[in-house]
Every structure is written in structure tokens, then in C-alpha cells.
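Colleague: I have a structure I would like to understand better, so I am pasting it below and will then ask my questions one at a time.
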Amino acid sequence: MTNQNAEMMRGIYYDGTKAVYREDLPVPEPEDGHSRIRILYANICSTDKEILRGYRPDFQGIMGHEFVGIVDKTALPSLQGRLVTGELNEGCGHCLYCRSGREKHCPERKVIGLSKDGCFAEYMTLADHLIHPVPEGLPPEKAVYTEPLAAALEIPSMVHIDPAKKTAVIGDGRLAFMIAQVLSLSGAPLTVIGKHEEKLAAFEPFAQTRLVDSFHFGHAEDGIDEPPMDRIEEDTYEVIVEASGSPSGLMLASRIIRRQGTIVLKSTYAGKLSLDMSHFVVNEITIKGSRCGPFEPALNLLQRGLIRLPQAQWHDLKDYEAAFASKAFKAGFKIAK
Numbered sequence: 000m001t002n003q004n005a006e007m008m009r010g011i012y013y014d015g016t017k018a019v020y021r022e023d024l025p026v027p028e029p030e031d032g033h034s035r036i037r038i039l040y041a042n043i044c045s046t047d048k049e050i051l052r053g054y055r056p057d058f059q060g061i062m063g064h065e066f067v068g069i070v071d072k073t074a075l076p077s078l079q080g081r082l083v084t085g086e087l088n089e090g091c092g093h094c095l096y097c098r099s100g101r102e103k104h105c106p107e108r109k110v111i112g113l114s115k116d117g118c119f120a121e122y123m124t125l126a127d128h129l130i131h132p133v134p135e136g137l138p139p140e141k142a143v144y145t146e147p148l149a150a151a152l153e154i155p156s157m158v159h160i161d162p163a164k165k166t167a168v169i170g171d172g173r174l175a176f177m178i179a180q181v182l183s184l185s186g187a188p189l190t191v192i193g194k195h196e197e198k199l200a201a202f203e204p205f206a207q208t209r210l211v212d213s214f215h216f217g218h219a220e221d222g223i224d225e226p227p228m229d230r231i232e233e234d235t236y237e238v239i240v241e242a243s244g245s246p247s248g249l250m251l252a253s254r255i256i257r258r259q260g261t262i263v264l265k266s267t268y269a270g271k272l273s274l275d276m277s278h279f280v281v282n283e284i285t286i287k288g289s290r291c292g293p294f295e296p297a298l299n300l301l302q303r304g305l306i307r308l309p310q311a312q313w314h315d316l317k318d319y320e321a322a323f324a325s326k327a328f329k330a331g332f333k334i335a336k
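Counting in numbering that gives the first Met the number 0, the sequence shown runs from 0 upward without gaps.
So, in C-alpha cells, the structure goes:
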């Protein structure tokens with residue numbers, strides 16, 4: 000039964016089929032071990048858009064997981080009033096994965112904006128151990144990029160980026176922009192491959208760029224088209240990060256990865272993809288999935304100004320349709336002043 004005296008707030012609620020702007024959402028109360036955060040900024044990512052396409056059909060609740068805000072109710076004096084950001088995955092705390100430092104893989108995990116209420120609202124609660132104070136001097140409109148930057152930093156923690164070997168990122172969107180900058184810090188020869196010349200221009204200060212259509216393929220014995228013999232050195236890569244957000248990105252990666260190379264998958268999307276797995280076996284290609292990453296290194300890079308940030312386009316919560324449809328490099332919500 001709804002408490003008629005409960006304080007209400009605004010938010011973007013996914014009802015199982017579509018996003019809805021509501022002003023009758025109850026302000027959450029933090030349970031033990033949790034704090035309440037007043038959300039200042041929240042950014043939209045590709046996963047949020049995939050939810051609208053059916054990526055998480057069982058989810059109903061407040062959307063969003065990229066945020067920065069101020070702790071306004073907590074049992075921890077060290078957090079009260081602090082500007083913070085936070086991680087997505089809250090595990091059960093006692094299973095094999097939680098006990099071995101793999102909380103984000105807990106079978107019973109709760110994920111903000113995906114299986115529990117997220118940050119596209121005026122308030123959100125989060126487990127205390129997932130909250131990270133923002134360093135002094137780092138403004139909230141930059142700190143809001145911590146989560147996607149942490150996801151980018153997960154890649155070099157999983158795969159060795161050899162500074163002498165050719166590396167590529169497939170995708171010219173927001174996450175690819177973060178990933179390419181992180182990989183460029185290794186000094187490896189880096190190429191960003193995308194479909195939009197105007198977007199690729201943003202990558203030119205730290206990477207070579209190529210259009211998808213610039214690749215030409217022959218026919219391999221295992222049935223996967225790949226660059227002809229005289230183009231292998233030019234058109235193939237030892238490590239490829241697939242961050243296009245489209246199934247076509249993995250298909251391209253499978254064609255231009257070198258034999259015994261590594262593909263890192265960052266894209267999440269609704270639907271299934273059919274692949275000839277024998278191609279990866281015969282050519283000894285490693286495929287690694289990668290998602291959430293370490294927050295403290297991300298905050299450190301942001302504080303030191305080592306990552307270039309695109310200008311976000313801020314919207315009010317009630318203008319959520321325009322925010323989701325925006326073609327800006329990054330769009331999100333400015334929720335509280």
C-alpha cells in the first residue's frame with residue numbers, strides 16, 4: 000500500500016515497454032548499509048537506449064546508471080554532504096563471486112537502472128561500499144563521466160596492450176571516445192574505425208581514423224571474409240575493442256583481427272548474433288567480454304585532466320524524449336542545482 004504522506008519526486012520510469020516521465024515516484028529511504036544521494040547530473044548511455052529496445056524485458060523501474068550527486072542521508076559521517084559518484088553492481092556479499100572479489104558477477108546482484116531503481120530521478124539509494132567521493136576540485140559535470148571511463152579502464156586491466164602492436168577500436172560514439180583515449184596512453188599505434196566522418200574527427204588528436212567502408216575483403220578458407228594477402232599488414236590488428244553498439248561491429252572485428260589476436264567486446268544490445276565459431280578456433284582468436292571497471296583510477300585521470308571530455312547536452316527530466324533522441328556526443332539530465 001502506498002504511503003499517502005510519502006514525499007514524492009520526479010523521475011524517468013521504464014514500465015516494461017517504454018520510458019515514462021513521472022512526478023509521483025516516492026523518495027527512497029536508505030536501508031542499512033546504504034546512503035541516499037541527491038542526483039545532480041545523470042548521463043544517458045547506449046545501454047539505456049537498448050533497454051527501450053527490449054534489452055532487459057523483465058526490468059521495471061527508474062532508469063539510468065551514470066551519475067554524480069550529493070549524499071543527503073547516511074549513517075556514515077564521512078559521506079554526509081559529499082559530492083560522489085558510484086558503481087552499478089551490488090552483490091549478495093556471501094557467494095563465491097562476492098567472496099573472491101568479483102561482486103559484479105554475483106548471480107543475485109542488483110544493478111542500478113537495470114534491475115533496481117537508477118539515477119534518472121531526483122534521489123537514489125546506493126550501497127555505501129559502492130560510493131566514491133569525488134576529489135576536491137573536480138566539477139560534477141566532469142565527474143559524471145567516471146562510470147564510462149572506468150569501463151574503458153577495465154580493458155587494459157584484462158588485456159595487455161603492447162605499445163609496439165597495432166590496436167583498433169571499432170565505434171565512433173561516446174564509449175569508444177573514452178576507450179580510445181585510455182588505449183592511446185599506452186603509446187600503441189591506435190586506429191579508430193567508424194561510420195561517421197564528423198564523429199571520427201574528434202578522435203584525430205590521439206588516434207588514426209578509418210571509415211568502415213575503406214576495408215576490402217577476399218575469401219578465406221574457413222568462410223570468413225578477410226583482407227587479401229597484400230593488405231594483411233595494413234588492414235589487420237593484434238587487439239580490437241568492439242564498442243560500436245551494433246552487431247555489425249563484431250562481424251567487422253572477426254574479419255580484421257589477426258590470427259592469434261584478441262577481440263574485446265564492449266557492446267551490449269538487444270537481439271542475438273549468429274557467428275561461425277570455428278573461425279575463432281582455427282585462427283586461435285581470443286574473445287573477451289568486458290564491462291564495468293575501476294572507479295578510483297578513472298577519478299584520478301579526470302582530476303589530472305588527462306582525458307578529453309565531450310560537451311554534454313543537458314536536458315530537464317520532463318524532456319526525456321528529446322534527450323534520448325539527441326544526436327549530441329553525450330546527452331543527459333541536469334536534475335538538481
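Yeah, the Cβ is synthetic: ideal placement off N, Cα and C, and Gly gets one too.
The structure presented is a predicted model; accordingly, all values stated were derived computationally and were not measured.
(1) Can you list, in chain order, the residues of its chain whose CB lies under 8 Å from that of Thr-235, leaving out five sequence neighbours each side?
(2) Go to Thr-46, then tell me how far its alpha helix (DSSP H) extends in each direction, as first and last residue.
(3) Which of the three DSSP states, helix, strand or coil, is assigned to Met-62?
(4) Can you pull the DSSP bridge partners for Thr-285?
(5) Report, in whole angstroms, the separation of the C-beta atoms of Ile-111 and Ser-289, which I expect to be a contact under 8 Å.
(6) How about Asp-31 and Leu-78: do their beta carbons lie closer than 8 Å?
(7) Between Tyr-54 and Lys-265, what straight-line distance do the alpha-carbon atoms span, to the nearest angstrom?
(8) Does Tyr-96 come out as helix, strand or coil in the three-state DSSP assignment?
(9) DSSP three-state call for Gly-304: helix, strand or coil?
(10) Can you give the Cα-Cα distance for Asp-47 and Asp-229, rounded to whole angstroms?
(11) Ends of the beta strand (DSSP E) at Leu-189?
(12) Hey, Thr-208 and Leu-199: beta-carbon distance below 8 Å or not?
(13) Just list the alpha helix (DSSP H) runs in the stretch 197-240, keeping only unbroken ones of 4 residues or longer that don't cross its boundaries, in chain order.
(14) Smallest Cα separation from Val-240: which of Ile-192, Leu-95, Leu-274, Ile-306?
(15) Measuring CA to CA, which of Val-263, Lys-109, Gly-292, Leu-182 is closest to Asp-161?
(16) Among Gly-92, Ile-36, Pro-56, whose alpha-carbon lies nearest the alpha-carbon of Leu-337?
(17) How many angstroms separate the CA atom of Pro-25 from the CA atom of Met-7?
(18) In this structure, what does DSSP give as the bridge partners for Pro-155?
(19) Which word fits Ala-330, buried or exposed, when buried means at least 16 other C-beta atoms lie within 10 angstroms of its C-beta?
(20) According to DSSP, is Val-280 part of a helix, a strand, or is it coil?
(21) So, for Leu-272: in the same chain, excluding its five sequence neighbours on each side, which residues have a beta-carbon less than 7 Å away from its beta-carbon?
Modeller: On the basis of the coordinates in this document:
(1) Lys-165, Glu-225, Pro-226, Ile-255, Ile-256, Arg-257, Gly-260
(2) Looking at the DSSP string, the run of the alpha helix (DSSP H) that includes Thr-46 is 45-51.
(3) coil
(4) Thr-261
(5) Actually they do not touch by this definition, with Cβ atoms about 19 Å apart.
(6) no
(7) 15 Å
(8) helix
(9) Note: Gly-304 maps to coil in three-state DSSP.
(10) 42 Å
(11) Note, Leu-189: beta strand (DSSP E), 189-193.
(12) yes
(13) You should have 231-234.
(14) Ile-192
(15) Leu-182
(16) This structure cannot settle anything about residue 337, because the visible part of the chain is limited to 0 through 336.
(17) 4 Å
(18) In the DSSP output, where bridge partners are listed per residue, Pro-155 has none listed.
(19) buried
(20) helix
(21) Pro-246, Leu-249
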